[in-house]
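According to the numbering used here, the sequence shown is numbered sequentially starting from 163.
Every residue, glycine too, gets a C-beta built ideally from N, C-alpha and C.
Heads up, the thing below is written out as structure tokens.
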Amino acid sequence: MTGVVFGLQPATMVAFCAASIALILTPGPDTVYVLARGVQGRSSGIRSALGIATGVLLHTAAATLGLAALLRAAPIAYRAVKYVGALYLVYLGINAIRNREFDPQVETNSGGSFRRGVLVNALNPKVALFFLAFLPNFAGTGAGADSRIALLGATYAVLTAVYLCLVALVSERAGKALESPRVTSRLNWVGGGVMVALGVGLAVE
């Protein structure tokens, strides 16, 4: 049938994109991380956004291969990934405060922003379980289901990248307006503190 891609009807894709946009616009660790990096500059913010989108692709691959189902079926594996992710967020926050990484006046390694963006997303087991529950609802079952899941996951990653790149650009403009030493110092503490809080929140859930 005309307009069908990998067995997905156009109406299904429209519904998926609408649901995805609603979910992407919900604030979470990814958005907070990109906001903080974007304040430092356009390059750091955009690379962070692309890193998180890459993390989405990793979750898509996991859902396609069934690794996300393993996390759901094996509580020990889920808790292990959860605690590693929580510790990583806490590490990012403490390290950011010590090294003034959220200070717009301090230059950072843009490549590091990308890698950290990947890990912030990839080490969140809730995202893996979300993809396991969310994507099959639109992909359906039967022949070609894996290809449809991959296509939907890639679409979600693109939408995520577009939104978070916009977040990065907006926060960069905000960073230029917040260049007084007192404000940047407080901003660094707030950014690092939020990352620590997100890590603690993930660990205790």
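According to DSSP, simplified to helix, strand and coil, what is residue i?
i      : result
Leu170 : strand
Pro287 : helix
Leu326 : helix
Gly306 : coil
Thr188 : coil
Arg228 : A small correction: the amino acid at residue 228 is Gly; Arg does not occupy that position in the sequence shown. Of the three classes helix, strand and coil, the one that applies to Gly228 here is coil, per DSSP.
Met175 : helix
Expressed to the nearest angstrom, what Euclidean distance is found between the alpha-carbon atoms of residue i and residue j?
i      : j      : result
Leu185 : Arg260 : 33 angstroms
Ser333 : Ala181 : 25 angstroms
Gly203 : Leu326 : 14 angstroms
Asp308 : Thr226 : 6 angstroms
Leu294 : Ile256 : 32 angstroms
Pro172 : Phe178 : 10 angstroms
Ala312 : Ala223 : 7 angstroms
Leu197 : Phe300 : 30 angstroms
Gly279 : Lys288 : 16 angstroms
Tyr318 : Val218 : 8 angstroms
Which residues bound the alpha helix (DSSP H) around residue i?
i      : result
Leu197 : 191 to 202
Does any heavy atom of the ligand NAP sit closer than 7 angstroms to the C-beta of residue i?
i      : result
Thr317 : For the structure depicted, the ligand NAP is absent and the ligand set is empty, with no information on it obtainable.
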